[in-house]
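Taken in order, the sequence shown gives residues 1 to 114; the numbers are from the UniProt record's numbering.
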Amino acid sequence: MHMVHLTPDGKKIAVIGFLYKYGRPDPLLDELEPYIKEIANKEHEEESVGIVDPRKIKLGSRKYYRYMGSLTVPPCTEGVVWTIVKKDAHDNSRPLHNIYDRMISMYEPMKINK
1 MHMVHLTPDG KKIAVIGFLY KYGRPDPLLD ELEPYIKEIA NKEHEEESVG
51 IVDPRKIKLG SRKYYRYMGS LTVPPCTEGV VWTIVKKDAH DNSRPLHNIY
101 DRMISMYEPM KINK
């Protein structure tokens, strides 16, 4: 999950990224789900989620990677401060949702019998 933050004047951007594993539910994602559904079939829309309490984010670690980069989608604005939490966050088992009518599939590694 990426959380994009802008300064009030919109000139500076920071992105915080969390990596999730498939597993137990995550309270933060459960809280954000209605907002995600609200914008799921809209292009170029923003939805305010209000105040996100960072204490609800179940970090696997306080270690992180930080680097200067750009947004990953057009206009690919440069000068973005990226922070990626090093360890996978609390496991998440919420079902996959189609966004923009894309087909979503989940694959598991093949097991080879010996």
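Note that beta-carbon positions come from the ideal geometry of N, C-alpha and C, so glycine has one too. Remember, it's a predicted structure, so these values are computed and weren't measured experimentally.
E78 - partner residues in DSSP beta bridges: Translated into positions along the sequence shown, residue 78 becomes position 78. S70.
Range covered by the alpha helix (DSSP H) that runs through L19: As a working mapping, residue 19 is identified with position 19 in the sequence shown. Segment: none, L19 is in no alpha helix (DSSP H) and carries neither H nor E.
Based on DSSP bridge pairs, tell me the residues matched to L6. Taking the sequence shown and counting its residues from 1, one reaches residue 6 at position 6. DSSP links L6 through a beta bridge to I13.
In angstroms, rounded to a whole number, what distance separates the CA positions of V4 and V15? Stepping through the sequence shown from its first residue, residue 4 is reached at position 4. Stepping through the sequence shown from its first residue, residue 15 is reached at position 15. Taking the CA atoms as reference points, V4 sits about 5 Å from V15.
What are the start and end residues of the alpha helix (DSSP H) that includes D30? Within the sequence shown, the letter at position 30 stands for residue 30. Start and end: P27 to I39.
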